[in-house]
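> The structure under discussion is supplied below as structure tokens; questions concerning it will follow.
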Amino acid sequence: MSARETISIIVRARREGVTLFAKADGKLGLRADRSPSDELLAVLKEHKADILALLVPPVRMFLPSPCPSLAVERAKRTIWQLRSLGFRPRLDADGALVIVDAYATAKKRRDVSQRLPIAEVFDQIVAGLTEDPGLLDEDPGLLAEMIKAPSASTDVSVSAEKQPPSDAPLIRPLALEARSSVAAPTFHEYFCGGGMARMGLGPGWTCAFANDNDPEKMRSYVANFGGRGATICDVADLKPAVLPTADMTWLSPPCQDLSEAGEGAGLDGQRSGAFRPCVRLLEALRAEGRAPRMIAYENVTGLLSERHAPDFAEVCDAFVGLGYRFGALVVDGALFTPQSRPRVFVVGVDAALSVPAGLTSAGPQAPFHPPPLVAALSRQKAPALWWRLPVPPPRNTALIDVLEEDPPRFLWDPLAETAKKISMMDANNLVKLDLAKRTGVRAVGGLYRRTRGKGDEKRSAWEVRFDGVAGCLRMPTGGSSIQTVMIVECDAVRTRRLSAREAARLMGVADDYRLPGNYLEAYGLMADGLVVPVVRHLAAHIFEPLLAGSGQMAAE
426 MSARETISII VRARREGVTL FAKADGKLGL RADRSPSDEL LAVLKEHKAD ILALLVPPVR
486 MFLPSPCPSL AVERAKRTIW QLRSLGFRPR LDADGALVIV DAYATAKKRR DVSQRLPIAE
546 VFDQIVAGLT EDPGLLDEDP GLLAEMIKAP SASTDVSVSA EKQPPSDAPL IRPLALEARS
606 SVAAPTFHEY FCGGGMARMG LGPGWTCAFA NDNDPEKMRS YVANFGGRGA TICDVADLKP
666 AVLPTADMTW LSPPCQDLSE AGEGAGLDGQ RSGAFRPCVR LLEALRAEGR APRMIAYENV
726 TGLLSERHAP DFAEVCDAFV GLGYRFGALV VDGALFTPQS RPRVFVVGVD AALSVPAGLT
786 SAGPQAPFHP PPLVAALSRQ KAPALWWRLP VPPPRNTALI DVLEEDPPRF LWDPLAETAK
846 KISMMDANNL VKLDLAKRTG VRAVGGLYRR TRGKGDEKRS AWEVRFDGVA GCLRMPTGGS
906 SIQTVMIVEC DAVRTRRLSA REAARLMGVA DDYRLPGNYL EAYGLMADGL VVPVVRHLAA
966 HIFEPLLAGS GQMAAE
């Protein structure tokens, strides 16, 4: 029997109120809240040996392999930093360490020393390679045993290649994404929050107007982008006269009334209903002949549920009524950062403008048109456009990569609290923890508090996932807890909350972004925002090509 099948038996027993354990004499023990069924007892008897093998693995499996040294860990982190910036550490034919600019051209090359302290980078990689020669094995054809550590005065060469090699980093820095030929398109950013839409659109765009009714969020927005065009106000109080003409309007109204975890008020709710004043504002701009050429609306995937079918229909009808052809996509932030964060994006283009060939397809395409979205669009009165969006290269970062080396001490749980969380885990999750311990390397998992059971049997439990992806960040209010991580280093297990900077990294926000000094304010600012590289991907492959290719009226 496989380990997965054995685990399923242990979990089934747990659900029936039976806890399995190994006795001191090596026999299988049962601790039951109620009498187990005859069927369960028969299954336990038949697979007793497999269950015991999992509960009490061979002694050698209890002995973790040696933890990697600090030198190797530092080298791995440094190599990852280089690759994420588009530089490739490798060994040349003579065994000397060189750093290649994977995105250099014949006319342009970058200096790695301007981005990282090159002396420390070199020392850390060489120190790691002396203990683990396989650190650079991803570079084919290069022999790690040929290392030659130059003297401290030796310069690290940076060579240039005209085309990125096949093993170039899988994620390019946002600043290196291809830009369209559009000269500084302008946009309005309603419900701007911390400015993630602005960051995603990038310096090639000009923000003509931004608003939010939260003074704390606007303070952060102004601290990072300046106060030009930024206004603290409710969108319902805005008048067309104060709005400059813009190419695009970005709308990210509150999601609470559309969330599956909310009460389901939808667009009739006070918060998510802020979409309606935006529609009235856009109607006024249309009447003045100043309507934006494009609109982007973002919200949670709860908008696609049957409960919120009338709300999604209202959004689509609003686009049509305002004079736009529209299409929708679901983009998960996990394609770009190690955080599961699917969001709905409805993108509309002025019906009088042409849509360049290649931006749409004849029908839905995975993964951006999942079945719930296809079903929701099929119910609309007007036919939708099927926006064509390329799938990005595989993400090469995991949850462990966003963690700070020295997070604030107040985030750590006392050891007794960590032990309590572990005691509230079921057999399946305890097995995950045990497997993480046995790897002998540092493992980081997301820890989540769940309510299991029904009625009188409801109980609180902690569940862990070591798949390298964080759950969706949520606001630290309204019952939603701040995300907790479990850090396993050999036999040592600690738990703590994510730091605000780690939350920012999960949103794709650069480390030079100025976060508020208050922890809850900073964490909430990030949890309530957009995944920056998702916006950049949409801009590079839909927004910018649309503006570049639809500048002429279709009738002309």
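The opening residue of the sequence shown carries number 426 in the working numbering; numbering runs sequentially from there. Just so it is clear, CB atoms sit at the ideal spot from N, CA and C, and this is done for glycine as well.
#1: What number of angstroms, rounded off, separates the C-alpha of C680 from the C-alpha of Y615?
#2: Can you pull the DSSP bridge partners for A743?
#3: My output table needs one value for P514: the three-state DSSP class, helix, strand or coil.
#4: Between the C-alpha atoms of S786 and W811, what's the straight-line distance to the nearest angstrom?
#5: Please report how far the alpha carbon of E981 lies from the alpha carbon of Q764, in whole angstroms.
#6: Are the beta-carbon atoms of P669 and T726 separated by less than 8 Å?
#7: Quick one: what's got a C-beta closer than 6 Å to A868's C-beta in the same chain, skipping five residues either side?
#8: Are V957 and M624 close, meaning C-beta to C-beta below 8 Å?
#9: Quick one: is M486 buried, meaning 16 or more other Cβ sit within 10 Å of its Cβ, or exposed?
#10: Inspect the CB distances between the stretch 689-709 and the stretch 728-739 and report whether three or more fall short of 8 Å.
#11: Which residue marks the beginning of the alpha helix (DSSP H) containing P640, and which one marks its end?
#12: Bridge partners of Y749, per DSSP?
#13: Short check: CB of A886 to CB of R877, under 8 Å?
#14: Flag this pair as yes or no: are the beta carbons of R919 and W837 separated by less than 8 Å?
#15: Using the C-alpha atoms, what's the distance from T902 back to A648?
#16: Identify every residue that forms a DSSP beta bridge with F446.
#17: Since R921 sits in a beta bridge, which residues does DSSP pair it with?
#18: Out of curiosity, what's the CA-to-CA distance linking V443 and S427?
#19: Measuring CB to CB, does G618 end up less than 8 Å from D953?
#20: Taking C-alpha atoms, which residue in G942, K845, R653 and E641 lies nearest to A633?
#21: Which residue comes first and which comes last in the beta strand (DSSP E) that contains F612?
#22: For L601, does the three-state DSSP call read helix, strand or coil?
#23: Under 8 Å, do P610 and L955 count as touching if we go by C-beta distance?
#24: Can you check the stretch 801-883 for any beta strand (DSSP E) of at least 3 residues that lies completely inside it and give the ranges in chain order?
#25: Going by other Cβ atoms of all chains shown within 10 Å of its Cβ, with 16 needed for buried, is Q667 buried or exposed?
#26: I'd like to check one pair, L465 with A447: are the Cβ atoms closer than 8 Å?
#27: So what's V769 in DSSP terms, helix, strand or just coil?
#28: Would DSSP call A703 helix, strand or coil?
#29: Could you give the first and the last residue of the continuous beta strand (DSSP E) run that contains D637?
#30: State the CB to CB distance for the pair A552 and F612, rounded to an integer number of angstroms; the pair is presumed to be in contact (CB under 8 Å).
#31: For the stretch 808-825 and the stretch 753-764, state whether three or more C-beta atom pairs, one from each stretch, are separated by less than 8 Å.
#32: Which of helix, strand or coil does DSSP assign to E685?
#33: Given a cut-off of 8 Å, decide if L798 and A753 are closer than it, judged by their beta-carbon atoms.
#34: On the premise that V934 lies in contact with M951, defined as a C-beta separation below 8 Å, what is that separation, rounded to the nearest angstrom?
#35: Opposite L754 in the DSSP bridges: which residues?
#36: Measure how close the beta-carbons of R388 and G783 come, nearest whole angstrom, since I'm counting them as under 8 Å.
On the basis of the supplied data:
#1: Each residue's alpha carbon lies about 14 Å from the other.
#2: For A743, which the question treats as bridged, DSSP gives no partner whatsoever.
#3: Looking at P514 - three-state DSSP - the assignment turns out to be strand.
#4: Answer to the nearest angstrom: the Cα atoms are 5 Å apart.
#5: A caution first: E981 carries a pLDDT of 29, below 50, which makes its placement in the model unreliable, though a value can still be read off. Cα to Cα, E981 sits roughly 45 Å from Q764.
#6: At least 8 Å separates the beta-carbon of P669 from that of T726.
#7: Correct list, in chain order: A861, F891 and V913.
#8: Yes; because the gap between Cβ atoms is below 8 Å, this pair is in contact.
#9: Note that M486 scores 29 on pLDDT, short of 50, meaning its location in the model is unreliable; the coordinates nonetheless yield the value given after this. With fewer than 16 Cβ atoms within 10 Å of its Cβ, M486 is classed as exposed.
#10: Contact between the stretch 689-709 and the stretch 728-739 is present, because at least three Cβ pairs lie under 8 Å.
#11: For P640, the enclosing alpha helix (DSSP H) covers residues P640 to F650.
#12: Looking at the DSSP assignment, Y749 forms a beta bridge with D775.
#13: Contact: yes.
#14: Yes. Within cutoff.
#15: In this model, A648 and T902 are separated by some 24 Å (Cα to Cα).
#16: According to DSSP, which records beta bridges pairwise, F446 is partnered with G454.
#17: Its beta-bridge partners are W837 and V910.
#18: Those two C-alpha atoms are separated by around 21 Å.
#19: Yes, the pair counts as a contact, with Cβ atoms nearer than the cut-off.
#20: Closest by C-alpha distance to A633, out of G942, K845, R653 and E641, is R653.
#21: Residue range T611 to Y615 is occupied by the beta strand (DSSP E) that includes F612.
#22: Because L601 carries a pLDDT of 27, less than 50, the predicted location of this residue cannot be relied on, and the following value inherits that uncertainty. L601 carries a helical assignment under DSSP once its states are collapsed to helix, strand and coil.
#23: Between P610 and L955, the C-beta gap is not smaller than 8 Å, which leaves the two residues out of contact.
#24: Runs found: 868-877.
#25: A quick correction: the sequence has Val, not Gln, at residue 667. Exposed.
#26: No, Cβ-Cβ distance for A447 and L465 is not below 8 Å.
#27: DSSP places V769 in strand when its eight states are reduced to three.
#28: At residue 703 the sequence reads Cys, which differs from the Ala that was named. Judged by DSSP in its simplified three-state form, C703 adopts helix.
#29: Where D637 is concerned, the enclosing beta strand (DSSP E) stretches over T631 to D637.
#30: Contact annotation, A552 with F612: C-beta distance approximately 47 Å; criterion of less than 8 Å not satisfied.
#31: Segments in contact, yes.
#32: Coil.
#33: Yes, they are a contact pair.
#34: Right, their Cβ atoms sit about 7 Å apart.
#35: Paired residue(s): F770.
#36: There is no way to answer for residue 388, as the model of the chain reaches only from 426 to 981.
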